[in-house]
Amino acid sequence: MTMWTGIVLIVLISLGFDYLRTRAKQQGLNGRQRVEVDALREELLKLQERVINLEAIVIEEEKKRPFRSL
484 MTMWTGIVLI VLISLGFDYL RTRAKQQGLN GRQRVEVDAL REELLKLQER
534 VINLEAIVIE EEKKRPFRSL
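All residue numbers for the sequence shown refer to the working numbering, where the first residue is 484 and numbers rise by one.
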């Protein structure tokens, strides 16, 4: 094996490990992002329920408003 063959092998091995490290980082981030997205979806659903409840309260208050002035 010549010196240049050894250098090429070292470079290829380094690129392979770099690719694997980058891929592992991306998969780790994607796992965390999924958890965050699920938590945000739950929070969004809770907020939507609160908005619906508040809209119902406002509608009820508006129905009662004409009778309050009497």
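In this text, a Cβ means the ideal position worked out from N, Cα and C, and glycines have one as well.
| query | Between I540 and the rest of its own chain, which residues show a CB-CB distance below 8 Å, the 5 nearest in sequence each way excluded? | reply | Counting only Cβ-Cβ distances below 8 Å, and skipping sequence neighbours, we find nothing.
| task | Pick helix, strand or coil for T485, following the three-state DSSP scheme. | result | DSSP places T485 in coil when its eight states are reduced to three.
| request: Quick one: residues in its chain with C-beta nearer than 7 Å to the C-beta of R504, no 5 flanking neighbours on either side, listed in chain order? | output: Around R504: no qualifying Cβ.
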